[in-house]
Amino acid sequence: MAQSRYTGSGDFDLTTDELRVVARYVVQHAEDVLPVFEHAVPDDQRPRAAIDAAREFIHGAGRTKLQRVASVDAHRAARSAPSEAARLAARSAGDAASAAYLHPIAQAGQVGHILRACASAARIGEMEAGGDPAIADALLERSLRRATPVLVDVLRRYPPVTGGSSRVSQLMSTLDQSLRRTAGRPAGRQGAS
Numbered sequence: 735m736a737q738s739r740y741t742g743s744g745d746f747d748l749t750t751d752e753l754r755v756v757a758r759y760v761v762q763h764a765e766d767v768l769p770v771f772e773h774a775v776p777d778d779q780r781p782r783a784a785i786d787a788a789r790e791f792i793h794g795a796g797r798t799k800l801q802r803v804a805s806v807d808a809h810r811a812a813r814s815a816p817s818e819a820a821r822l823a824a825r826s827a828g829d830a831a832s833a834a835y836l837h838p839i840a841q842a843g844q845v846g847h848i849l850r851a852c853a854s855a856a857r858i859g860e861m862e863a864g865g866d867p868a869i870a871d872a873l874l875e876r877s878l879r880r881a882t883p884v885l886v887d888v889l890r891r892y893p894p895v896t897g898g899s900s901r902v903s904q905l906m907s908t909l910d911q912s913l914r915r916t917a918g919r920p921a922g923r924q925g926a927s
């Protein structure tokens, strides 16, 4: 079965199958931290709905308004969340739904759609461990193991991100650099849970 092409104009091609790989990666990280949001705001189902919308795309549904709306709703939930950890968890869910709409334009800002949920999960773990950076490092290592060769190939089409002022930006930059270096690693190193 031939891969369907992402037809939007851009600097390179992204297939629907590649977008599904990216969405699957983002969903793994968003699901890890969703309980943080749901514990803080148990009656708000918007982040869970965003993950469900992403899963529909991952499992073969087309990219639809469902993913766009669910993403926006989860990001709205993030803005009203009572803590940084809950905000990051809801934003990660929104990122999962929007991963289906990753743009094939060579801008470093697009990397956030691939890696921000991973960096947010690492930051949440770090905060929950009293600010221990070793926890964030361990969670970034887990993100490295989860990355498939296809995900790394997609990531390398974009310019690298540089560290920003926020801790999430710094973690995202660290992960970005590490993933780009994995291209030379032996098979079997990537893709583990």
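Once you know that position 154 of the sequence shown is 888 in our numbering, the rest is easy, because the numbers rise by one and skip nothing.
Positions of the beta carbon are idealized from the N, C-alpha and C atoms, including for glycine.
Is the segment 897-911 close to the segment 767-778, with three or more CB pairs under 8 Å? no
For the structure I just gave you, are there three or more beta carbon pairs, one from the segment 822-840 and one from the segment 779-786, closer than 8 Å? yes
Determine the DSSP secondary structure at Thr908, reduced to helix, strand or coil. helix
Measuring only the C-alpha atoms, how far is Ala804 from Ala784? 5 Å
Enclosing alpha helix (DSSP H) for Ser854 [first to last residue]: 845-862
What is the C-beta distance between Ala842 and Pro893, in whole angstroms, given that I count them as a contact (C-beta under 8 Å)? 4 Å
Going by DSSP, what residue range makes up the alpha helix (DSSP H) through Ile839? Run containing Ile839: none; DSSP gives neither H nor E here.
What do you reckon, are the CB atoms on Val902 and Ser854 nearer than 8 Å? yes
Could you tell me if Arg914 is buried or exposed, where buried requires 16 or more neighbouring beta carbons within 10 angstroms of its beta carbon? exposed
For Ala870 and Arg857, which I take to be in contact (beta-carbon distance under 8 Å), what is that distance rounded to the nearest angstrom? 6 Å
Those residues which DSSP pairs with Ala882 across a bridge: A small fix is needed here, since residue 882 is Thr in this sequence, not Ala. Thr882 is not bridged to any residue.
Anyone know if the C-beta pair for Val760 and Ile848 falls short of 8 Å? yes
Could you have a look at Thr798 and say whether DSSP puts it in helix, strand or coil? coil
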